[in-house]
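Just below is one structure, and these are the notes that go with it.
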C-alpha cells in the first residue's frame, strides 16, 4: 500500500507569457505520504499544485494522479472526486457571509455526501479542529488560523484520497500554524490520506515525510529532510565575537554564509567538521591557536580563500571569541549553499556614505504606557519599551496582538488614546512633524509604485523628504549600490524579483538617512538568499550607522537576528528580553526539547500525552516534547511507548527555536485567558 | 498647509505631481479609454446624435385615392419624412406603428378631395409614435405645419387668390449663435463636457484608491507630507491631463471636422475648464475616501455623474424642471461650466458676462475639496 504511487510528475513545464514558472519539474509522491513543496514565492509550487488538481493546463511534461494521466479536462474530472484542493490565500475558497456550518454543508452537498454521513463527518472534523464552539459564526469573523482550519475541514469533507494544500500556513501566526500541522498530521494518519503541501517556510520542511526544494521553477533537491540536510555536509557554528562588527566581514570573506544574530554570530562552515570549523574560524579572527584535534576535512573547497593568506592591517584590534557551539546545519543553510553553488551571490556591497553614524545616549524609541482603544477593544494596552540607538528590536506577536497598532502610533499614523512616546529624540505629542522627518518606514506590502522605475521611486521619496537635487542624486546612487540594483535602474519596480523589490523599498525608506527605521513584516515572500542579504544590510545599518531598527515579524527564525525582543499578546507586552534570555526562561520553566524518532508517530504521541507528557506534538515523522527532568524521562520513555506498541528508535535533545519559545509563551497565555474569562 | 510655501514644500508638490502624471501615462488601459473619449467618442456623438427630425418613416392610409390625397401625402418630404409605403387598413396601420416600421401614419378619409372642393372642413388623422417624446413632438408639429400650409393653398386657390398672396403673417425667425441649427456643435460640446466631468471624477478617485489598494498611502502618511500635499498634486496632475484632453477634442475633432466657431477667448475657456476639473475632482476624492477598490470607485463615479448631468441643463433646460430640482442644479458645478462653455465657444461671451458662474464654481470647488480633505484626515489622521 505504502509503496503505491499517488502522484507522478515528469518534466512538468509551465509558462506565463514569456516567464517560465516551472521548468521541467520531476517528482513522485507515494501513497500515505505528507509530501512538501518548499520554496519562495514564484518558485513554481502553485502552478504544479494546480495542474495536479486538474485546474491548470500546462505546456510540457506529464502529470499522473492515481495512475490517471491528467492531459485533458475529462481526465481531470475522473480523479477530481478523489482530490481535495485548498488554494492559496486565507479562506479564499470559503464564503465570508456563510457560517462555519453552512460552509461545510455547502462543500459536502457539492461533493454529494449523503446527509447523515455529512453530519457525522462534520461532527468529527469540527471536534478535532476545535471549531465546534463557533459553528454559527460567519467565516469572515474568524481569525486567520481558524479560517485555515475551516478550509481544511471543507477540503476533507468528501474524504478524498489526496489533499493538495497550497501554502496553508502563510499569514497564520506560529501558534495557529503549529496547531494546523498537528491537526493535519492526525487527520492524515487516521484516514490514510496522501497530502501534497507547499510552504514558503523552510523551517517547516521537517514536518514532511519527503520534500522537494523549489527555486525559480526548478527542483533543487528531493528526499527526506534528513537526506536533504546531508547533501551539503558541514558544521553550523554559533558563537560570540567582540567586536562583532569587525569579526563579521573577516568571517564573511572566508565563509559567505555568516550571519549576525543579535550578539551571536552564526557561521555555516561548509565541508568542515566541528573541529576543523573551529580552527578555521579562530584563524580568521586571529585567535590564539586553538588545539586542533584533526586536520581540516575539505569537500570540493580546495580553491576557497583561506583566512591565513589574507592581508590585514596589523593594527586591527584583537577579536575575542566566546560561547562556542557547533551543531549540524539546518535545511535553510543547506538550501542557501545549494543556491550558492549555482551562482547565487550573498555578498552585499555597502557603499560608504561618508556620514557620521547616529550616536545618542538617549533611547531612539521609548514607548511609555502607549494605549489605543477602539470601542471596547484595547488594541494596545499600556505598552512600554525602550530601544537604544543602534539596536535591532523585534516586536513579536500573533495576528491581532497589537504590533501594527504600536507601530502606527509610533510613526504618527494613529493617535494614542493615552500614554506617549519619544521617537528619535522628539515627543510624539508635540513634535509629530519632526518625528516624520527622522524616521523611515517600510510596510509588509513594500509600498512601492509598481509602475514607476527604480530610479523614479527613489527620486520620488527623495523629493518627498525634501532633499535637493544634488543630495537626491547622491542618495539615489547610494540606494542603488546598497540594494544591488545596478543594471535595474530603469526597470519598473513591479517587475523586479521579490528580493530586489524589498531592498528597493528599504532604500526608499532610507533615502533621507533616518535615525530610526520601522519595518512591518519586511521579509514576507522573499527567498532565503534575499532574506539573508536583507538582514546583512540591517545589521550594517544598526552597527555602522547607528540606526535603531524596530521590526515586526511572523518569521520566528528572523527573531533570532534581533538584539532584543518584545512579545505582545492581547495588546500587552508580556515578555521583553534578548532571544537568548527568552529561550533560557522557557527551558527553565518547561524543560529541554526532546525529539523522539519512532516507527508509528501518531499512536506514540497519543500514548505520551496519556502518560502525562502534555507537550508531546507530532513533528513530521518525529514527536517533540519538552522535558524538565530529562534523565528521569529518558528512562521512562521506552516503557511508555512499549506499552503502546510503538518502537522508539532514538531520542535526541534539540535546541529550542524562537518558534518553540513563541508557541510555548502564547499557548500558556491563551490557556490562562481561557481559564479566567 | 504647513511647509507649503517653503522650498521643500514646493519640491514635494512638484515630485508628487510628476509621479501622478507618470503613473497616469503608464496606465495603458486608462490612457486608451481617455484618448478615445476625447476623440472618437466626441466624433460619434457629434456626427451621430441629433435632436432633429430626420427621415421619420411615414405610412399612408389613403382611403380617397385622389389627386388631392396624393398631393398631401407627397408633401411629407425628406429630410424630415420618408415614405414607408401604404397601409391597407386601419389595423395594418396600427401594426406598422406597433412594430416600429412606421413612426407616423397619415390617415386620409374617403371623399377627401370631393369635400375639399365643396369647401367643407375635412379632418385628416395623423397617428404618431411618441415613444421618443421629442421626436414625436417634432413629427406631429411638422405634420401640422405641412397640412396647414396645404390647407391654406387649397383655400386660396378656391378663392382665386393663388400666387398673389392673401392676408398672411409670415414669421421671420433670426437664429443666433448656431445659424444653421447645426446639431454637431451642440452635441459635440455637450459630449465634451460630459467626458470632462467623467474623467474629473474618475481620474483622481482612481489614483487615490490605487494608493489605498497598494498600501502606498500608509507609506505617504508616515512621510512629512500633509494631507493637502498628498491630495492636491493628484488634482493638479489630473487637471493638466484633462485640459490637454479638452484641447485635443477642440483642435483635433470639433474644430477641423465640425467647424466649431470658438468665438470667445480660448485661454478663458481653458482656465474655466481647469477650475471646473478642480471642483469636480473634489467629488472624486470624496468617492475615493469611501471606496475600497477600483470597482467601487467606478460605481460611485456613475452615481455621482448621472445626477450631475441631469441637473446641469445639458439634457433639459432648467426652466422645465420642478422648482426643487432647479434649486439642486445650483449646486451642480456642471451647470455653471455648461453656461460658461457654451457662452464662450458659441456666443463669444467674455468674463464680463460669466463672472458669476465662475465665482459660483470656485466657491463650490473650494468647499468640496475642503470636505474631501476633512474626510481624508478623519480616515487616516
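Residue numbers (my numbering), protein chains in the order written: chain A, 1 to 677; chain B, 678 to 1058. Where a beta carbon is used, it is the ideal one built from N, C-alpha and C, also for glycine. No experiment lies behind these values; they were computed from the predicted model shown.
Status (buried if at least 16 other CB within 10 Å, exposed otherwise) for residue i
| i | result |
| --- | --- |
| residue 103/A | buried |
| residue 1007/B | exposed |
| residue 1019/B | buried |
| residue 16/A | exposed |
| residue 457/A | buried |
| residue 468/A | exposed |
| residue 770/B | buried |
| residue 846/B | exposed |
| residue 345/A | exposed |
| residue 293/A | In this prediction, residue 293/A has a pLDDT of 39, which is less than 50 and means its spatial position is unreliable; what the coordinates show is noted afterwards. Label assigned to residue 293/A: exposed. |
Reduced DSSP secondary structure (H/G/I, E/B, other) of residue i
| i | result |
| --- | --- |
| residue 356/A | coil |
| residue 942/B | coil |
| residue 649/A | strand |
| residue 917/B | helix |
| residue 716/B | coil |
| residue 536/A | helix |
| residue 99/A | strand |
| residue 664/A | helix |
| residue 238/A | strand |
| residue 553/A | coil |
| residue 218/A | strand |
| residue 589/A | helix |
| residue 780/B | coil |
| residue 68/A | strand |
| residue 419/A | strand |
| residue 768/B | helix |
Residue range of the unbroken alpha helix (DSSP H) whose run includes residue i
| i | result |
| --- | --- |
| residue 259/A | Unbroken run through residue 259/A is the beta strand (DSSP E), 258-261; no alpha helix (DSSP H). |
| residue 557/A | 556-559 |
| residue 410/A | 403-410 |
| residue 163/A | It is not in any alpha helix (DSSP H) - residue 163/A instead sits in the beta strand (DSSP E) that spans 162-165. |
Short Cβ contact (8 Å threshold) for residue i with residue j
| i | j | result |
| --- | --- | --- |
| residue 200/A | residue 40/A | yes |
| residue 150/A | residue 139/A | yes |
| residue 764/B | residue 721/B | no |
| residue 705/B | residue 914/B | no |
| residue 534/A | residue 526/A | yes |
| residue 919/B | residue 1014/B | no |
| residue 106/A | residue 63/A | no |
Beta carbon proximity, residue i to chain A, threshold 8 Å
| i | result |
| --- | --- |
| residue 892/B | yes |
| residue 1010/B | no |
| residue 811/B | no |
| residue 700/B | yes |
| residue 896/B | yes |
| residue 694/B | no |
| residue 902/B | yes |
| residue 689/B | yes |
C-beta neighbour in chain B for residue i, strict 8 Å
| i | result |
| --- | --- |
| residue 439/A | yes |
| residue 206/A | no |
| residue 8/A | no |
| residue 436/A | yes |
| residue 506/A | no |
| residue 555/A | no |
| residue 447/A | yes |
| residue 114/A | no |
| residue 456/A | yes |
First through last residue of the beta strand (DSSP E) which encompasses residue i
| i | result |
| --- | --- |
| residue 598/A | 592-598 |
| residue 16/A | 5-16 |
| residue 27/A | 19-30 |
| residue 686/B | No beta strand (DSSP E) contains residue 686/B, which is instead part of the alpha helix (DSSP H) from 684-703. |
| residue 49/A | Unbroken run through residue 49/A is the alpha helix (DSSP H), 45-52; no beta strand (DSSP E). |
| residue 763/B | 758-763 |
Residue i CB to nearest heavy atom of the ligand SAM below 7 Å
| i | result |
| --- | --- |
| residue 24/A | This structure lacks the ligand SAM, and indeed carries no ligand of any kind. |
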